[in-house]
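In what follows, a single structure is set out as structure tokens and then discussed.
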Amino acid sequence: MSNFRTPLKNVRGLGSAKSGTVHFIHQRLTATALVALTLWFLCFVVSLLGADYVTAVGAVAKPWNAIALVGFLVAMFWHAQLGLQVVLEDYIHNSLLALALQTTVKFVAVLGALVSIFAVARIALGN
1 MSNFRTPLKN VRGLGSAKSG TVHFIHQRLT ATALVALTLW FLCFVVSLLG ADYVTAVGAV
61 AKPWNAIALV GFLVAMFWHA QLGLQVVLED YIHNSLLALA LQTTVKFVAV LGALVSIFAV
121 ARIALGN
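Quick note: the sequence shown, position 25, residue 25 per full-length UniProt numbering, numbers continuous.
Here it is in structure tokens:
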């Protein structure tokens, strides 16, 4: 078996972080989920065009719609966070700034997902 680490990497102890494959798989899984869920979401929104508030709330409150909407929100925020993580890793070279931005992106993604899920839960469970 050949060693892909350069002598300098061996001295510094740097090498594969062994997390790239998991990140890649998560990106592909969330992207695949988003294809199906986005199609559902577009059909759902189009079906509500011209509907009043009560009808829209009633549609979101249906269990399967609420579950699909929560799935869409989770996949969307997770996929966005993964994508921004890659962009930051590629283009931000200052370690402290990169850490601050990565932490901010994860915080905003989790907060956005929680607030969105809470809103759907409130509608689905009747305020």
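Beta carbons are placed, not taken as given, at the ideal position from N, Cα and C, and that holds for glycine.
Asked, Found
"Between the alpha carbons of Val115 and Val108, how many angstroms are there, rounded?", "10 Å"
"Counting Cβ pairs, one atom from each stretch, are 3 or more of them under 8 Å apart for the region 90-110 and the region 49-62?", "no"
"Should Ala36 go down as buried or exposed, given a rule of 16 or more other Cβ atoms within 10 Å for buried?", "exposed"
"How many angstroms separate the CA atom of Trp40 from the CA atom of Ala80?", "19 Å"
"Which first and last residues belong to the alpha helix (DSSP H) in which Lys106 is found?", "Ser95 to Ala124"
"What number of angstroms, rounded off, separates the C-alpha of Phe72 from the C-alpha of Leu96?", "33 Å"
"Give me the residue from Thr21, Val45 and Leu34 with the minimum Cα distance to Phe77.", "Leu34"
"So the candidates are Ala51, Ile67 and Phe44; which of them puts its Cα closest to the Cα of Phe118?", "Ile67"
"Count the other CB atoms within 10 Å of the CB of Val54; is the residue buried (16 or more) or exposed (fewer)?", "exposed"
"First and last residue of the alpha helix (DSSP H) that includes Ala75?", "Pro63 to Tyr91"
"Quick check: Leu84 and Val70, are their CB atoms within less than 8 Å of each other?", "no"
"May I have the straight-line CA-CA distance separating Ala121 from Leu99, to the nearest angstrom?", "33 Å"
"Less than 8 Å separating the beta-carbons of Leu88 and Thr30?", "no"
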